[in-house]
Amino acid sequence: MGRRKRFKKNQPFKWKHYSGEIILWLVRWYGRYALSYRDLKEIAAERGLEIERSTICRWVHEYGSQIAKRLRPHFRQTCASWRLDETLVKIKGRWYYLYRAIDKYGHTLDWMLSRQQNAKAAMRFFKKAIAQPYVKSPRVVNVDKHASFPPAHQKAKDEGVFSSQCKLRRVKYLNNCIENGTVAKNYSELQKGYFLVLSA
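With the UniProt record's numbering, letter number 63 in the sequence shown gets 63, and the count goes up by one each step, no holes.
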């Protein structure tokens with residue numbers, strides 16, 4: 001049996017064909033800007049690096065959460081106006097509901113995949129988003145017309161997840177910007193099956 005490769009805390013890039021600097025550079029650019037894996041492959045090629053999209057995808061999965069965990073305490077605080085929606089996406093042959101939220105300035109709060117579209121799933125997403133240290137408790141939550149949001153919002157207030165003063169609003173045009181930027185990029189990658197299904 002061959003020697004197993006072990007991930008060591010002090011040698012996180014051992015066994016990789018590229019230096020840690022290159023890996024961190026690509027993972028950081030993916031997380032920071034609205035770039036797809038195809039975009040990053042082309043950017044790397046312009047710098048003389050032949051790296052496949054699937055390789056960059058593996059790096060994002062392997063190192064992205066670790067980098068995000070270390071950076072979260074330093075993220076800019078979001079504002080108290082949330083804009084939230086959910087959409088149906090197909091990932092590797094299975095259908096999921098993609099819940100996503102931004103603030104009024106377009107900063108991503110969080111996103112989540114669920115097999116169900118109901119009040120329980122909406123409540124789980126509320127709790128997931130509010131748990132992030134950079135996310136401010138909402139003063140108002142703008143949602144689409146789905147019937148699951150009002151009971152989930154009321155339960156969030158009853159259980160102290162949201163302030164009792166938090167308002168639920170349904171203004172369609174306010175959610176238009178959620179289709180742009182990083183959230184839209186994540187949706188595009190989800191459709192291609194590049195994301196691990198962690199929240200289903």
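Even for Gly, the Cβ is constructed at its ideal location relative to N, Cα and C.
Using a Cβ-Cβ cutoff of less than 7 Å, which residues in the same chain neighbour K145 once the five nearest sequence positions on both sides are dropped?
Closer than 7 Å at Cβ, skipping near neighbours: R170.
Mapping DSSP to helix, strand and coil, what is L113?
L113 falls in the strand class under three-state DSSP.
Have a look at R139 and L24 and give me their C-alpha separation to the nearest angstrom.
Distance between the alpha carbons of R139 and L24: 36 Å.
Determine the direct distance from the alpha carbon of Y97 to that of L174, and round the result to whole angstroms.
Distance between the alpha carbons of L174 and Y97: 20 Å.
According to DSSP, is S81 helix, strand or coil?
Three-state DSSP puts S81 in a strand.
Helix, strand or coil: which one does DSSP assign to K41?
If DSSP states are grouped into helix, strand and coil, K41 belongs with the helices.
Throw me the rounded Cβ distance for the A122 and F149 pair, which I believe falls under 8 Å.
Yes, A122 and F149 are in contact; Cβ-Cβ is about 6 Å, under 8 Å.
Who are W95's beta bridge partners in DSSP?
Answer is K90, bridged to W95.
On the premise that I56 lies in contact with L40, defined as a C-beta separation below 8 Å, what is that separation, rounded to the nearest angstrom?
Between I56 and L40 the Cβ distance is about 5 Å, and since that is below 8 Å, they are a contact.
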